[in-house]
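Novice:
In my numbering, the protein residues as written are 4 to 238.
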């Protein structure tokens, strides 16, 4: 049966796309029915795909090739986050210094925490380079990790986990530290949890979503510039 399934999938160029969409759709349905934040559609979708590939004994490389069109949509989807930002352009201009300062500090904290973790766990430079760009979107982090000698595929997984955790804890952290300003919420979520966190910020409000979208771009550029400096701290 497994061989027949593999033969069928081999002859279908789009099965990876269909599997990805079906897994995410099922995850979104479960999230909507349960109403529980922990049942994140991205997390559930990833688990469903992993289980399917494992049970059917399908190589990840085959799935990656077939699902490539979904990956191609990542960059335009990230760019599309500029739309809510454009709608809040006046707000951005009024608070530009505070917003840029917040994103800059958040980026430094992200890189600094990775450095501290590398020292505490005695990571190799390869492992450290893999972990370092954990808080920016995969469109940037995987390329940065590869350039620094890290394991790009593992970086992608770490980034996804970081985003999911950030999305799950966003509201809790804001309540815990009494963060009520929508700009501050958006900057914090976008800087720490990239695009996955931004999806949560958009649910919280238009301002939060716009500021989070801006934070993805600025934090990504800062991370790409600063990572070569930070990676040299561990030899």
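A virtual CB, placed ideally from N, CA and C, is assigned to each residue, including glycine.
#1: Whose C-alpha, out of 165, 232, 208 and 106, is nearest the C-alpha of residue 194?
#2: Using 7 Å as the threshold, is the C-beta distance between residue 136 and residue 121 below it?
#3: Do residue 83 and residue 23 have their C-beta atoms closer together than 7 Å?
#4: Could you give the DSSP three-state label for residue 154: helix, strand or coil?
#5: Run through DSSP, which three-state label would residue 181 get?
#6: Among 32, 203 and 184, which has the Cα closest to the Cα of residue 98?
#7: Is the stretch 87-95 touching the stretch 44-63, taking contact as three or more C-beta pairs under 8 Å?
#8: What's the C-alpha gap between residue 214 and residue 87?
#9: Mind checking residue 116: buried by the 16 CB within 10 Å criterion, or exposed?
#10: Under 8 Å by Cβ, that's how I've got residue 140 and residue 223 pegged, so tell me the actual separation to the nearest angstrom.
#11: What span of residues does the alpha helix (DSSP H) with residue 140 cover, start to end?
#12: Give, in chain order, every unbroken run of the beta strand (DSSP E) that is at least 3 residues long and sits entirely within the stretch 26-85.
#13: Note down the Cα distance separating residue 81 from residue 186, rounded to an integer number of angstroms.
#14: Helix, strand or coil for residue 253? Go by DSSP, reduced to three states.
#15: Is the separation between the beta-carbon of residue 111 and that of residue 234 shorter than 7 Å?
#16: Out of 192, 231, 227 and 225, point me to the one whose CA is closest to residue 211's CA.
#17: State the DSSP-derived secondary structure class of residue 125, mapped to helix, strand or coil.
#18: Return the first residue and the last residue of the alpha helix (DSSP H) that residue 96 is part of.
#19: Taking the beta carbon of residue 160 as the centre, do at least 16 other beta carbons fall within 10 Å, making it buried, or is it exposed?
Specialist: For this structure:
#1: 106
#2: no
#3: no
#4: coil
#5: coil
#6: 184
#7: no
#8: 9 Å
#9: exposed
#10: 6 Å
#11: Per DSSP, residue 140 belongs to no alpha helix (DSSP H) and is neither H nor E.
#12: none
#13: 19 Å
#14: As shown, the chain starts at 4 and ends at 238. That puts residue 253 outside it, with no answer to give.
#15: no
#16: 192
#17: coil
#18: 92-97
#19: exposed
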